[in-house]
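**Q** Reading the sequence shown from the start, the letters are residues 761 to 1000 in this note's numbering.
Got a structure for you, questions after.
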Amino acid sequence: MPASRLRREGNRSFESELPVQVELIEGKLRLSVNAFLVIERDQYILIDTGAANSWEPSMGLLLQALNEAGVAREKIETVALTHTHEDHVNGLVAADGSDAFPNLQRLFVPKEEVSLFDNIERLSRFRARRTPIENGFKLSASITAFEAHGHEMCHTAYEVSSGDESLLIWGDIVHVQSIQFARPELTWEYDTNQAQARASRQRMFRRAIQPNYYVAGAHLSFPGVGAVTLYGDAYIYTPV
Ligand SMILES: [Zn+2]
761 MPASRLRREG NRSFESELPV QVELIEGKLR LSVNAFLVIE RDQYILIDTG AANSWEPSMG
821 LLLQALNEAG VAREKIETVA LTHTHEDHVN GLVAADGSDA FPNLQRLFVP KEEVSLFDNI
881 ERLSRFRARR TPIENGFKLS ASITAFEAHG HEMCHTAYEV SSGDESLLIW GDIVHVQSIQ
941 FARPELTWEY DTNQAQARAS RQRMFRRAIQ PNYYVAGAHL SFPGVGAVTL YGDAYIYTPV
C-alpha cells in the first residue's frame, strides 16, 4: 500500500509527515490479510476468505493455513463476510478455479453489500446461494453480526462469545495498527464513508476495552488477535 493512502481528518494527505512509528518497507505499508475460523461444536464457520490468487503473490495462503491447522476445507459449511472487498471475498474461489469450500451450505453477506457481491464476476456461481444478513443476526449460538459501517457501506463485525469471554472479529476497523490505535480519528483512503468509518472505529474501540474482550482484525499483523486498552484518550493494542 502506498503510504499516501493514509489520511487525516479533513482528507489532507500527510505522507511527508508520516509519524516515525509507521514502519515502511521499501516505501510501502505492510498490510496483513487475515481470515478467521471459529469452531463451535461441529460447526466450522469462516469469517472472510482472503484474496486467493487475485491480488499480491504474497497472499492466498488460506487453504494452506487451514491444512497446517489440520482443518480440511471440506469441513467449512458456513462463510460470513465482513464486506465485499476483494481481499475478503475472492478466496471463495481457489487459485485453480474450484470452489475453495466445496461443502459450503451457508454464505452470509451483509445486506447492503449484496448488490456489490452480485457484481463480482469471479463469484457469480455463488449468487444463488448468498443470504443477506442484518445487524444482530445470529450466525450460530455464539456469533452475532454487529454493524460497523463506513469502511464499506454495510461493513459488519462478528462478535463471538464463549463463557465470560468475547472476541470481536472486526474486519477492517484498523488498517495501520502502528498509528490508528493511538489516533483513532485517522481514516484510510479506501474507507468508502470516512466519517462513518471513523465513528465505527471509535465505537468498536470503546466496546473492545471491556474486560475479557479480544479483537481479531483482517489487517492486524500476526497473530491478528489481541486486546485493546484505554490509555489517556488513546488506545493501546496488545497482541495475544
Ligand atoms: Zn480489507
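Just so it is clear, CB atoms sit at the ideal spot from N, CA and C, and this is done for glycine as well.
A quick note: this is a predicted structure, and the numbers were derived from the prediction, not measured.
Have a look at D808 and Q937 and give me their C-alpha separation to the nearest angstrom.
**A** Taking the first residue of the sequence shown as 1, we reach residue 808 at position 48. Taking the first residue of the sequence shown as 1, we reach residue 937 at position 177. Distance between the alpha carbons of D808 and Q937 is about 19 Å.
**Q** Tell me which same chain residues have a C-beta within less than 8 Å of the C-beta of P983, skipping the five on either side of it?
**A** Here residue 983 corresponds to residue number 223 of the sequence shown, with the count starting at 1. Excluding sequence neighbours, P983 sits near P999, V1000.
**Q** Do A901 and E800 come within 8 Å of each other at the CB atom, strictly closer than that value?
**A** Working through the sequence shown from its first residue, we reach residue 800 at position 40. Working through the sequence shown from its first residue, we reach residue 901 at position 141. A contact, by the Cβ cut-off of 8 Å.
**Q** With a CB to CB cut of under 6 Å and the five nearest residues on each side skipped, what residues in its chain are close to N794?
**A** Here residue 794 corresponds to residue number 34 of the sequence shown, with the count starting at 1. Same-chain partners within the cutoff: A978, G984.
**Q** Are V849 and F877 closer than 8 Å when you measure CB to CB?
**A** Here residue 849 refers to the residue found at position 89 of the sequence shown. Here residue 877 refers to the residue found at position 117 of the sequence shown. In contact: V849 and F877 (Cβ atoms closer than 8 Å).
**Q** To which residues of the same chain is G830 closer than 7 Å at the C-beta, ignoring the five residues directly before and after it?
**A** Translated into positions along the sequence shown, residue 830 becomes position 70. Cβ within range, chain order: n/a, list empty.
**Q** Which residues neighbour ligand 1 when neighbourhood means a C-beta less than 6 Å away from any of its non-hydrogen atoms? List them by chain order.
**A** The filter returns H845, D847, H848, D932, A978, H979, in chain order.
**Q** Whole angstroms is fine: what's the gap from Q955's alpha carbon to E945's?
**A** One-based indexing of the sequence shown puts residue 955 at position 195. One-based indexing of the sequence shown puts residue 945 at position 185. According to the sequence as given, residue 955 is Ala; it is not Gln. Straight-line Cα distance between these residues: approximately 9 Å.
**Q** Exposed or buried, V780, counting other C-beta atoms within 10 Å across all chains shown (16 or more means buried)?
**A** Numbered from its first residue, the sequence shown carries residue 780 at position 20. Its Cβ having fewer than 16 others within 10 Å, V780 is exposed.
**Q** Do you know offhand how far A855's Cα is from D993's?
**A** Working through the sequence shown from its first residue, we reach residue 855 at position 95. Working through the sequence shown from its first residue, we reach residue 993 at position 233. One C-alpha to the other measures close to 44 Å.
**Q** Specify, as a first and last residue, the run of the beta strand (DSSP E) that V975 falls within.
**A** Within the sequence shown, numbered from 1, the residue matching residue 975 stands at position 215. V975 -> beta strand (DSSP E) spans 973 to 976.
**Q** Looking at the unbroken alpha helix (DSSP H) that takes in R963, where does it start and where does it end?
**A** Stepping through the sequence shown from its first residue, residue 963 is reached at position 203. 954 to 968 is the span of the alpha helix (DSSP H), which, as asked, contains R963.
**Q** Under DSSP, the alpha helix (DSSP H) around A905 begins and ends at which residues?
**A** Counting from one through the sequence shown, the residue named residue 905 turns up at place 145. Here A905 belongs to no alpha helix (DSSP H); instead the beta strand (DSSP E) covers 903 to 907.
**Q** Per DSSP, what kind of secondary structure is V849 in: helix, strand or coil?
**A** In the sequence shown, counting from the first residue as 1, residue 849 sits at position 89. Helix, per DSSP.
**Q** Using only CA atoms, which one of R889, T844, V920, E881 lies nearest to I805?
**A** Translated into the one-based positions of the sequence shown, residue 805 becomes position 45. Considering only alpha carbons, the answer is V920.
**Q** Could you name the residues of the same chain whose beta carbon sits closer than 8 Å to that of Q803, not counting the 5 residues immediately before and after it, in chain order?
**A** Residue numbering aside, residue 803 sits at position 43 when the sequence shown is read from its first letter. Here the set comprises E837, T838, S900.
**Q** Excluding the five sequence neighbours on either side, which residues of its own chain have a C-beta within less than 7 Å of the C-beta of G770, listed in chain order?
**A** Along the sequence shown, one-based indexing puts residue 770 at 10. With a pLDDT of only 40 at G770, under the threshold of 50, the placement of this residue in the model should not be trusted; the figure read from the coordinates follows. Around G770: no qualifying Cβ.
**Q** Which residue or residues does DSSP assign as beta-bridge partners of D859?
**A** Stepping through the sequence shown from its first residue, residue 859 is reached at position 99. According to DSSP, which records beta bridges pairwise, D859 is partnered with V853.
**Q** Please state whether the Cβ-Cβ distance between E907 and N895 is less than 8 Å.
**A** Taking the first residue of the sequence shown as 1, we reach residue 907 at position 147. Taking the first residue of the sequence shown as 1, we reach residue 895 at position 135. It is a contact, given that the beta carbons lie within the stated cut-off.
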